[in-house]
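Notes follow the structure.
There are 2 protein chains.
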Amino acid sequence: MTQTKLIALDWGTSSLRAYRFDVAGRVLEQRNLPWGIMHLPEVQMGAAEKQGFELAFTQACGDWLHATPQTPVIACGMIGSAQGWCEVPYQKVPIASHEVGGQLSTVQTQDGYTLHIVPGLIQHSILPNVMRGEETQVIGALSLLTEDSKENARNILIGLPGTHSKWVQVQQQPASLQNKSALIRHFDTFMTGEVYAALCDHTILGRTMRNKDSEGNDVNACTLNNASDNDAFLRGLKVAQTAAGRGGVLATIFSTRTLGLTGVLNGIEQRDYLSGLLIGHEIAAMQALLEEQTFQLDHVILIGNATLCARYQQALAAYGFTNVDVAMQATERGLWALAMQAGLIT
Amino acid sequence: MTQTKLIALDWGTSSLRAYRFDVAGRVLEQRNLPWGIMHLPEVQMGAAEKQGFELAFTQACGDWLHATPQTPVIACGMIGSAQGWCEVPYQKVPIASHEVGGQLSTVQTQDGYTLHIVPGLIQHSILPNVMRGEETQVIGALSLLTEDSKENARNILIGLPGTHSKWVQVQQQPASLQNKSALIRHFDTFMTGEVYAALCDHTILGRTMRNKDSEGNDVNACTLNNASDNDAFLRGLKVAQTAAGRGGVLATIFSTRTLGLTGVLNGIEQRDYLSGLLIGHEIAAMQALLEEQTFQLDHVILIGNATLCARYQQALAAYGFTNVDVAMQATERGLWALAMQAGLIT
Chain A
1115 MTQTKLIALD
1125 WGTSSLRAYR
1135 FDVAGRVLEQ
1145 RNLPWGIMHL
1155 PEVQMGAAEK
1165 QGFELAFTQA
1175 CGDWLHATPQ
1185 TPVIACGMIG
1195 SAQGWCEVPY
1205 QKVPIASHEV
1215 GGQLSTVQTQ
1225 DGYTLHIVPG
1235 LIQHSILPNV
1245 MRGEETQVIG
1255 ALSLLTEDSK
1265 ENARNILIGL
1275 PGTHSKWVQV
1285 QQQPASLQNK
1295 SALIRHFDTF
1305 MTGEVYAALC
1315 DHTILGRTMR
1325 NKDSEGNDVN
1335 ACTLNNASDN
1345 DAFLRGLKVA
1355 QTAAGRGGVL
1365 ATIFSTRTLG
1375 LTGVLNGIEQ
1385 RDYLSGLLIG
1395 HEIAAMQALL
1405 EEQTFQLDHV
1415 ILIGNATLCA
1425 RYQQALAAYG
1435 FTNVDVAMQA
1445 TERGLWALAM
1455 QAGLIT
Chain B
1115 MTQTKLIALD
1125 WGTSSLRAYR
1135 FDVAGRVLEQ
1145 RNLPWGIMHL
1155 PEVQMGAAEK
1165 QGFELAFTQA
1175 CGDWLHATPQ
1185 TPVIACGMIG
1195 SAQGWCEVPY
1205 QKVPIASHEV
1215 GGQLSTVQTQ
1225 DGYTLHIVPG
1235 LIQHSILPNV
1245 MRGEETQVIG
1255 ALSLLTEDSK
1265 ENARNILIGL
1275 PGTHSKWVQV
1285 QQQPASLQNK
1295 SALIRHFDTF
1305 MTGEVYAALC
1315 DHTILGRTMR
1325 NKDSEGNDVN
1335 ACTLNNASDN
1345 DAFLRGLKVA
1355 QTAAGRGGVL
1365 ATIFSTRTLG
1375 LTGVLNGIEQ
1385 RDYLSGLLIG
1395 HEIAAMQALL
1405 EEQTFQLDHV
1415 ILIGNATLCA
1425 RYQQALAAYG
1435 FTNVDVAMQA
1445 TERGLWALAM
1455 QAGLIT
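If you want it as structure tokens, here you go:
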């Protein structure tokens, strides 16, 4: 087995991903396990409180550690929450990106290994905001930037669409300055994906919706990126730009039903229309917040599922955003960068 | 039994209310039955398709009709929808209020009675809008206005808060003019109540919420008006007025959770806070639409559940609306007025 330099875990609510890195930071092996912190392996009655975490940890990387016991192990995500293995205090935003890795917490496993856990970020204000896991992806995306792009893009907006979309404002220091760190300045959360699922599955809007699986059977899966009808998606996307769009999400969503009643959208199109409508409202509102916060951006980077990022690229284009890229492997790169910052690897 | 002049049914999705009127338009008797069109009495296998409607109708007013078989019967609400007893085509908005009663549809019952059904209203536009039942309440509220108030209030906004809140713009003709009708000019729908229930019951926001019943036990009922903590409600109400409120509903709702995480709101307060937050966004957006539609109003009338109307009165006051009243018995008055318009009674 090629020498392992770092083991890294992306440990969220519903899944656990494990990465084994070589000395050059390349991912040699990746494992996807279903052991999110809310779905841990079952343990015997009377087992120690944290036994589920121990079992999942051993399945994720026990053999790797057995082969090279001195390998450092780092983890990010909900594993550091109050419901996780060990609660890691949030770091306050604004924060320099190189400071996040200076505040890892540790937990000792039964087998004597040390797990280093990345803190999440908190933003105190009238409406506080939190993230756990996304900070690692942001740092990963920043580590992928070339020196050229750092020179040319001082203000970067990093978007992480999904269940809870995050939009993170980053101010780059020019690479010519001594301190090459970036400032994580501000972030906002939009519950777009979760609201979409709740509207489809638990309101009157879902009653007239239809979806087809690959066999042509009706299914009722509801995620923002299973949409397939691009015209209906684009129609929805534009709603927030119209005069009627000033009615906001609570009002405009009702049109999903009425455009069905009036024969304009069929059951499949209604699903795509609502997806576009919500994403359009998200982008329009995010744009209003950027203006409010006087953040003039040079570059947008998206991180996430490829299909969903493609939809958000369409949405950003419709709302006048240019210079939009998608960052790949942001989580792996972020875990590597944070392990470097923390001195776990050199 | 005092002479029955009119029998009127308010027949919605989840309930059926029956009213017996005397010759002066007073309600002599009222019955509340659980037979909404989606909850009809069970019928035997092989029964005729509409048998559930027949059974509910007989329970609601069969004895009244038996006593005075010539009494006209009128109904409003979802009974006239595609899922109802007989689909009644929508009337187009804008429409003069006295024209709604000119377009009733009829259905013959097995027992030989005629049921007259009030049409709903439709507003064709990029985002179409519909109502069934609320048009009757609007007409009822208008019929309750004094001649004085008609002279003084040319532009009236009628609000019907609830699962799907409606805001209806009405232009009164001065009583001195020959045509005393009012123009139902425009209306908007906000899915505030249904979105609130879906967020509480089916998203992460509900997980940290708590509610108490009169015994002090935790319950999980989710309607906009079961809220009890007025400070938390007021705190939520103001969110849409802040700079952060520009993020819109999809963003601001996440603060329900983060204000819990940061110890600002307990589980009960989170429920009230979210109620206020959504209602505040509704009022702010409705205000923006009024501006967009250049409707300068003189008077606001609320129709609905007393507790919920009180909450909306607080909300309207917070957003600068003055001259707000609550109309009582709007449905009964509307059914009576429509029966008059239709010539069913004189």
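Sequence lines, in order, name chains A and B. First residue of the first sequence? That's 1115 in our numbering, and the numbers climb one at a time after it. First residue of the second sequence? That's 1115 in our numbering, and the numbers climb one at a time after it. Backbone N, C-alpha and C fix where the C-beta goes; we use that ideal spot for every residue, glycine too.
Taking only beta-carbon positions, decide if residue i is within less than 8 Å of chain A.
| i | result |
| --- | --- |
| R1425(B) | no |
| F1409(B) | no |
| S1219(B) | no |
| A1432(B) | no |
| V1414(B) | no |
| I1298(B) | no |
| P1233(B) | no |
| H1278(B) | yes |
| T1356(B) | yes |
| E1406(B) | yes |
| T1376(B) | yes |
Between the C-alpha atoms of residue i and residue j, what's the straight-line distance to the nearest angstrom?
| i | j | result |
| --- | --- | --- |
| A1170(A) | A1429(B) | 50 Å |
| G1307(B) | H1395(B) | 12 Å |
| D1302(A) | I1270(A) | 14 Å |
| Q1427(B) | R1268(A) | 48 Å |
| S1257(A) | E1248(B) | 57 Å |
| V1353(A) | G1362(B) | 14 Å |
| N1380(A) | S1239(B) | 18 Å |
| G1418(A) | Q1407(A) | 25 Å |
| P1183(A) | R1246(A) | 28 Å |
| A1142(B) | C1175(B) | Going by the sequence as given, residue 1142(B) is Leu instead of Ala. Their Cα atoms are separated by approximately 13 Å. |
| A1335(B) | A1346(B) | Here the model assigns A1335(B) a pLDDT of 48, short of 50, so the residue's position is not dependable, and the following value carries that caveat. Spanning the two alpha carbons is a distance of roughly 18 Å. |
| K1206(A) | E1383(A) | 42 Å |
| G1126(A) | Q1197(B) | 44 Å |
| L1392(A) | V1214(B) | 35 Å |
| Q1144(A) | F1135(A) | 9 Å |
| A1358(A) | T1260(B) | 33 Å |
| L1411(A) | A1402(B) | 28 Å |
| W1178(B) | V1378(A) | 44 Å |
| P1148(B) | L1364(B) | 35 Å |
| C1314(B) | V1244(A) | 20 Å |
| P1242(A) | T1172(A) | 36 Å |
| W1281(B) | T1250(A) | 46 Å |
Would residue i count as contacting chain B if we go by Cβ distances under 8 Å?
| i | result |
| --- | --- |
| R1360(A) | yes |
| F1304(A) | yes |
| I1367(A) | yes |
| E1249(A) | no |
| N1243(A) | yes |
| V1363(A) | yes |
| I1240(A) | yes |
| V1252(A) | no |
| E1201(A) | no |
| A1335(A) | With a pLDDT of 48 at A1335(A), under the threshold of 50, the modelled position of this residue cannot be trusted; read the value that follows with caution. So, not an interface residue. |
| W1353(A) | First, the amino acid is wrong: residue 1353(A) is Val here, not Trp. Closer than 8 Å to some Cβ of chain B, the Cβ of V1353(A) qualifies, so yes. |
State the beta-bridge partners of residue i as determined by DSSP.
| i | result |
| --- | --- |
| V1363(A) | Note: V1363(A) sits in no beta bridge, so no partner. |
| S1219(A) | I1231(A) |
| E1441(B) | Note that residue 1441(B) is Ala in the sequence shown here, rather than Glu. Partner(s): I1417(B). |
| N1146(B) | R1131(B) |
| V1187(B) | I1121(B) and L1229(B) |
| H1300(A) | Q1283(A) |
| I1193(B) | DSSP lists no partner for I1193(B). |
| Q1205(A) | L1235(A) |
| V1141(A) | F1135(A) |
| A1210(A) | L1297(A) |
| request: Please specify which runs of the alpha helix (DSSP H), each continuous and at least 4 residues long, are wholly inside the region 1226-1279 of chain B, giving them in chain order. | output: For the region 1226-1279 of chain B, whole alpha helix (DSSP H) runs of length 4 or above, ordered along the chain, are 1248-1257 and 1261-1266.
| chain B contacts made by the region 1308-1326 of chain A, where a contact means CB separation under 9 Å | Hits within the stretch, in order: E1308, V1309, A1311, A1312, L1313, D1315, H1316, T1317, I1318 and L1319.
| Unbroken stretches of the alpha helix (DSSP H), 4 residues or longer, contained in the region 1374-1408 of chain A | Within the region 1374-1408 of chain A, the alpha helix (DSSP H) runs of at least 4 residues that lie entirely inside it are, in chain order, 1381-1406.
| message | Give me the subset of the region 1373-1403 of chain A whose CB atoms are less than 9 Å from a CB atom of chain B, sorted by chain position. | response | Cβ contacts with chain B come from L1373, L1375, T1376, V1378, L1392, H1395, E1396, A1398, A1399, M1400, A1402 and L1403.
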